[in-house]
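Enquirer: If you scroll down you'll find the structure; I have some questions about it.
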Amino acid sequence: MRIFKKTVQITLIALELLIIFTFAFSLFRNVNNIGVIFGLFMFSALLAVTVFWQGVKALVKKIMAHRGLKILFFSLCGIFGALVIYAFVLSGLMLKSALTAPQNPDVAIVLGCKVQKSGNPSLMLSKRIDAAYEFLSDNPDVICIVSGGQGPDEPASEAEIMKSRLTERGISEERIIAEDKSESTRENIENSIAILKEKNIDAAEAAIVTDGFHQLRAALIAKEYDLVPTAVNAETPPWLAASYWIREWFALSHRFVFGS
294 MRIFKKTVQI TLIALELLII FTFAFSLFRN VNNIGVIFGL FMFSALLAVT
344 VFWQGVKALV KKIMAHRGLK ILFFSLCGIF GALVIYAFVL SGLMLKSALT
394 APQNPDVAIV LGCKVQKSGN PSLMLSKRID AAYEFLSDNP DVICIVSGGQ
444 GPDEPASEAE IMKSRLTERG ISEERIIAED KSESTRENIE NSIAILKEKN
494 IDAAEAAIVT DGFHQLRAAL IAKEYDLVPT AVNAETPPWL AASYWIREWF
544 ALSHRFVFGS
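In this note's numbering, the protein residues as written are 294 to 553.
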């Protein structure tokens, strides 16, 4: 039994170190968002608990002997448990949205992502361009809106880069509309819908091309404008997936609380 417990502890430590390394690698690659910071903090805390498990058990035993501390401890455990359940529910909704495959889309809306100072698309933007290219190749009658403005450190707008890369790969320029003013997911969707109305394009279903973790937030915005959103998922690099998935928990929570 003792050997089994030790094996479990070593296995957990190895897994936690691997996950921490993934977050640290993201940080090293200049991915500095709340998902990375929160992930590093949480899994470092879990690692400390796992490594010093005997000490943690002794501390909990002392807390249980003190009525006030006991109430505080169980209150904190209850809050933590509720947050874990919330994260699982949110993840389920995110997954459901990402698995909503296109049925009969009238338009594809490709959401932008960072452009490097060299003018090349970032890794995540490249993956979205790849997904858009495959979808448009398989659906030759669907028009496409590439949506994304130009940040202060970007040499060109995200929309311009996406349109350029898609036309270079053989997608007809006539099928691609560039929306180059957006600075957020909400603006991506709102400005794209405005273009559809401006050009008198009747669109009921929109295939949203972005990363899977991003689909739910984009879909919620699209539904505000009576647009049926479906998902075309870009391949998220594995070492980025966890941090951006966690980041999306915070982004969705902000939307639920503040409505934007």
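Note that beta-carbon positions come from the ideal geometry of N, C-alpha and C, so glycine has one too.
Short of 7 angstroms in beta carbon distance, which residues of its chain neighbour T503, apart from the five on each side in sequence? Order them along the chain.
Expert: Numbered from 1 along the sequence shown, position 210 holds the residue referred to as residue 503. Exclusion of the five residues before and after T503 leaves L404, R421, A511, A527 as the residues of its chain whose Cβ lies within less than 7 angstroms of its Cβ.
Enquirer: Could you give the DSSP three-state label for V525: helix, strand or coil?
Expert: Along the sequence shown, one-based indexing puts residue 525 at 232. Note: V525 maps to strand in three-state DSSP.
Enquirer: Let's see if you can read the secondary structure: which residues bound the beta strand (DSSP E) around V502?
Expert: Your numbering for residue 502 matches position 209 in the sequence shown. Residues 498-504.
Enquirer: Tell me the residue span of the alpha helix (DSSP H) that contains I469.
Expert: Taking the sequence shown and counting its residues from 1, the one referred to as residue 469 is at position 176. Counting along the chain, I469 falls outside any alpha helix (DSSP H), though it belongs to the beta strand (DSSP E) covering 469-472.
Enquirer: Who are the Cβ neighbours of L416 in its own chain at under 7 angstroms, not counting the five residues just before and after it?
Expert: The residue labelled residue 416 in the question sits at position 123 within the sequence shown. P530.
Enquirer: Grab the span of the beta strand (DSSP E) containing S440 for me, first residue to last.
Expert: The residue given as residue 440 occupies position 147 in the sequence shown. Element bounds for S440: 436-440.
Enquirer: With a threshold of 16 other CB atoms inside 10 Å of the CB of F336, please say whether the residue is buried or exposed.
Expert: Here residue 336 corresponds to residue number 43 of the sequence shown, with the count starting at 1. Buried, by the Cβ-count rule.
Enquirer: Please classify P433 as buried or exposed, where buried requires at least 16 neighbouring CB atoms within 10 angstroms.
Expert: Taking the first residue of the sequence shown as position 1, residue 433 is located at position 140. It counts as exposed.
Enquirer: Roughly how many angstroms separate the alpha carbons of A449 and Q443, rounded to a whole number?
Expert: Numbered from its first residue, the sequence shown carries residue 449 at position 156. Numbered from its first residue, the sequence shown carries residue 443 at position 150. Computed Cα separation, rounded: 6 angstroms.
Enquirer: Counting C-beta neighbours from all protein chains within 10 Å, is the total for S546 16 or more, i.e. buried, or is it exposed?
Expert: Looking up residue 546 in the sequence shown gives position 253. Result: exposed.
Enquirer: So the candidates are S477, A534, E427; which of them puts its Cα closest to the Cα of G505?
Expert: Translated into positions along the sequence shown, residue 505 becomes position 212. Of S477, A534, E427, the residue nearest in Cα terms is A534.
Enquirer: Can you tell me which of the three DSSP states L404 falls into?
Expert: Position 111 of the sequence shown holds residue 404. Of the three classes helix, strand and coil, the one that applies to L404 here is strand, per DSSP.
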